[in-house]
Amino acid sequence: LEARLEQAAMLKRVVDAIKDLVQDCNFDCNDSGIALQAMDNSHVALVSMMLKSESFSPFRCDRNIALGINLTSLTKVLRAAQGDDILTLKAEDAPDVVNLTFESPESDRLSEYDIKLMDIDQEHLGIPDTEYAATITLPSSEFSRITRDLSALSESVAIECTKEGVKFTCTGDIGNGSVSLRQHTNVENDAKSVDISLTEPVALTFSLKYLVNFCKAAGLSDRVRLCLSNEVPLLVEYGLSNNSYLRFYLAPKIGD
Amino acid sequence: IEGQGSIATFFEKK
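In structure tokens, the structure reads:
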């Protein structure tokens with residue numbers, strides 16, 4: 002494997018966004034790119050990352066390899082990279098280590114690190130293609146704000162989507178709260194628009210602790226997409242350039 | 069976690 006990223010910031014942000022949710026992960030490398038799929042310890046959430054080969058330049062992967070990496074270790078090493086450094090990942094066939102180099106674009110500084118790999122026996126889940134009943138695309142900062150504000154009151158949030166809009170509601174010991182958003186097009190800045198596409202009304206309840214955690218990815222993209230269907234996991238997607246993505250799936254709360 | 073479904077019940081193991 003040899004994969005060169007123009008900006009180390011992208012990988013730094015991705016790892017930052019998932020390291021509190023998942024610890025030891027396989028980075029599955031093949032000629033289409035680098036993918037990661039991992040459940041959190043309690044098996045409530047699933048992280049699915051895809052960094053397409055087009056996001057790297059150049060990208061070369063002659064044989065499929067799984068790089069088992071501890072994300073705490075990776076974070077320590079990535080801390081040594083500046084955001085605008087050029088980052089290159091390298092691994093040999095049947096590797097013991099993954100090699101990372103950080104090149105400063107404006108000086109002759111080159112740093113090089115090896116991280117020991119782990120043998121990780123991870124369950125792979127098949128994620129079915131789903132036609133979601135409701136898809137909401139909104140500014141990622143807005144979603145972060147909603148989850149943060151409501152998590153101060155309650156452990157869970159009900160998300161209801163109707164043709165009127167989307168409503169986030171919570172009930173806690175001190176009282177209750179809600180935030181409603183309507184479909185809205187911002188003509189001056191499309192990134193601030195709220196788009197809602199709905200085929201049938203949806204109402205689901207989710208743990209806010211996980212949603213707050215997902216929002217650590219907000220720095221990766223101005224926009225976030227929420228996909229919901231009754232009685233299936235919520236998909237929270239942060240799109241990256243070149244069709245790469247960071248997706249989180251969250252199992253709904255049951256009961257009531 | 070009480071009342072919390074598991075993701076593994078929705079997605080099948082490969």
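Those protein sequences? They're chains B and S, same order as listed. So the first sequence is numbered by the working numbering: it starts at 2 and just counts up by one. So the second sequence is numbered by the working numbering: it starts at 69 and just counts up by one. Heads up, the beta-carbon is just placed ideally off N, CA and C, and yes, glycines get one too.
{"Check": "Is it buried or exposed for residue 73/S, if we count other Cβ within 10 angstroms and need 16 for buried?", "Outcome": "buried"}
{"Check": "Do you know how far the Cα of residue 204/B is from the Cα of residue 163/B?", "Outcome": "9 Å"}
{"Check": "Which residues does DSSP list as the beta-bridge partners of residue 4/B?", "Outcome": "60/B and 90/B"}
{"Check": "By the 7 Å beta-carbon criterion, what residues does the segment 207–225 of chain B contribute toward chain S?", "Outcome": "208"}
{"Check": "For the alpha helix (DSSP H) containing residue 147/B, list its first residue and its last residue.", "Outcome": "141–152"}
{"Check": "Below 7 Å between beta carbons is the criterion; list the residues of the segment 156–168 of chain B that meet it against any residue of chain S, in chain order.", "Outcome": "none"}
{"Check": "Does residue 256/B have its Cβ less than 7 Å from a Cβ in chain S?", "Outcome": "yes"}
{"Check": "Check each residue of the segment 42–62 of chain B: if its Cβ is closer than 7 Å to any Cβ of chain S, include it; give the result in chain order.", "Outcome": "43, 44, 45, 46 and 47"}
{"Check": "Would you tell me roughly how many angstroms separate the C-alpha atoms of residue 201/B and residue 139/B, rounded to the nearest one?", "Outcome": "19 Å"}
{"Check": "Taking residue 154/B and residue 176/B to be in contact with their CB atoms under 8 Å, please state how far apart those CB atoms are, rounded to whole angstroms.", "Outcome": "7 Å"}
{"Check": "With contact counted as at least three CB pairs below 8 Å, one residue from each stretch, are the segment 59–77 of chain B and the segment 5–22 of chain B in contact?", "Outcome": "yes"}
{"Check": "Could you give the first and the last residue of the continuous alpha helix (DSSP H) run that contains residue 211/B?", "Outcome": "209–215"}
{"Check": "Can you say whether residue 181/B is buried or exposed, counting buried as having 16 or more other CB atoms within 10 angstroms of its CB?", "Outcome": "exposed"}
{"Check": "At what residue ranges does the segment 166–225 of chain B contain a whole run of the alpha helix (DSSP H), taking only runs of 4 or more?", "Outcome": "209–215"}
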